Every structure is written in C-alpha cells, then in structure tokens.
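Chemist: Here my numbering is used: the first residue of the sequence shown is 20, the next is one more, and so on.
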Amino acid sequence: MRPKQIITIIVALLFIMNLYAQYPLANNGKSPFVKVVKDIQESVVNISVEYEIKYGGINSQLPFNDDFFKFFFPDPNRNREPESRKSMAMGSGFIFKRDKNDVYILTNNHVAEKGKDGVLL
Numbered sequence: 020m021r022p023k024q025i026i027t028i029i030v031a032l033l034f035i036m037n038l039y040a041q042y043p044l045a046n047n048g049k050s051p052f053v054k055v056v057k058d059i060q061e062s063v064v065n066i067s068v069e070y071e072i073k074y075g076g077i078n079s080q081l082p083f084n085d086d087f088f089k090f091f092f093p094d095p096n097r098n099r100e101p102e103s104r105k106s107m108a109m110g111s112g113f114i115f116k117r118d119k120n121d122v123y124i125l126t127n128n129h130v131a132e133k134g135k136d137g138v139l140l
C-alpha cells in the first residue's frame with residue numbers, strides 16, 4: 020500500500036472510534052450528576068459576613084522591630100489609638116444537618132472566621 024492510503028485508513032479509523040466513544044445524548048438530562056444537583060440544590064447557601072478590622076496604634080510596628088530602626092525611623096502612629104473599619108466576606112456553604120430548632124451549615128473557615136454578623140441567602 021501507498022503511504023496516502025495508510026494515512027487515509029488511519030484517519031477513517033480514528034473518526035469512527037471517536038463517533039463510537041460519544042456519550043449518548045438521548046437520556047434527556049437524567050445523568051447521575053443532574054440527579055445529585057437536583058437533590059442537594061436547596062441545601063446550598065450563600066453566606067455574607069461583616070467584621071471589623073483594627074489598624075494603627077501598637078499593632079502597626081516597623082517591619083524591623085529593632086532599636087536602631089526605631090531611633091532613625093520613629094513610628095508616628097506609636098501613641099495613636101487603633102482605628103477600625105468594617106469589611107465584608109462572602110462565601111458559600113451547605114446545610115448538612117437540621118434539628119427542630121437548629122440548622123448546621125458547613126463552610127470554609129476563612130468565610131466565618133472573623134465574622135460578627137452573618138446573613139444567609
């Protein structure tokens with residue numbers, strides 16, 4: 020056989036194998052993943068947390084906490100009261116247990132770690 024015929028046969032075989040490997044689309048969206056999503060869709064929640072950040076004062080020190088640097092570069096905020104501002108964090112979680120009066124939500128630590136007030140959507 021000639022090289023062109025061999026290449027044509029190889030391409031045809033690859034095309035036929037690719038058609039055979041296709042996932043059948045005639046199941047009308049009833050794959051196992053769709054079923055799982057429908058089952059747990061109502062248990063996924065959006066979490067919005069508000070917290071307070073304090074800065075300045077004693078906590079704002081020079082990067083090099085050494086007497087030499089303090090002598091040449093005094094910290095102007097050294098005697099100031101710490102200031103604060105509000106910040107927000109968002110994340111998601113899911114309900115994994117419901118009791119009569121309590122609902123337990125599992126989420127990442129960085130979402131709720133510093134939070135004072137939280138809102139679930």
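Beta carbons are placed, not taken as given, at the ideal position from N, Cα and C, and that holds for glycine. Keep in mind the model is a prediction, meaning the values are calculated, not measured.
Have a look at 132, 107, 126, 31 and flag the residue whose alpha-carbon is nearest the alpha-carbon of residue 62.
Modeler: Translated into positions along the sequence shown, residue 62 becomes position 43. Residue 126 is the option with its Cα nearest to residue 62.
Chemist: For residue 125, which residues does DSSP report across the bridge?
Modeler: Counted from its first residue, the sequence shown places residue 125 at position 106. Answer is 113.
Chemist: Consult DSSP for residue 50 and reduce its assignment to one of helix, strand or coil.
Modeler: Looking up residue 50 in the sequence shown gives position 31. Coil.
Chemist: Quick check on residue 28: buried or exposed, where buried means 16 or more other Cβ atoms within 10 Å of its Cβ?
Modeler: Sequence index remark: in the sequence shown, residue 28 carries index 9 (1-based). With fewer than 16 other Cβ atoms within 10 Å, it is exposed.
Chemist: To the nearest angstrom, how far is the alpha carbon of residue 71 from that of residue 108?
Modeler: Taking the first residue of the sequence shown as position 1, residue 71 is located at position 52. Taking the first residue of the sequence shown as position 1, residue 108 is located at position 89. Their backbone Cα atoms lie some 11 Å apart in a straight line.
Chemist: Going by DSSP, what residue range makes up the alpha helix (DSSP H) through residue 86?
Modeler: Your numbering for residue 86 matches position 67 in the sequence shown. Where residue 86 is concerned, the enclosing alpha helix (DSSP H) stretches over 86-91.
Chemist: Buried or exposed: residue 25, going by 16 or more other Cβ atoms within 10 Å of its Cβ?
Modeler: The residue you call residue 25 lines up with position 6 of the sequence shown. Counting Cβ neighbours within 10 Å, residue 25 comes out exposed, since fewer than 16 surround it.
Chemist: List the DSSP bridge partners of residue 107.
Modeler: Counted from its first residue, the sequence shown places residue 107 at position 88. Answer by DSSP bridge pairing, in chain order: 69.
Chemist: Look at the Cβ atom of residue 66, then the Cβ atom of residue 122, and state whether they are nearer than 8 Å.
Modeler: The count along the sequence shown starts at 1 and reaches residue 66 at position 47. The count along the sequence shown starts at 1 and reaches residue 122 at position 103. No, the Cβ-Cβ distance between residue 66 and residue 122 is not below 8 Å.
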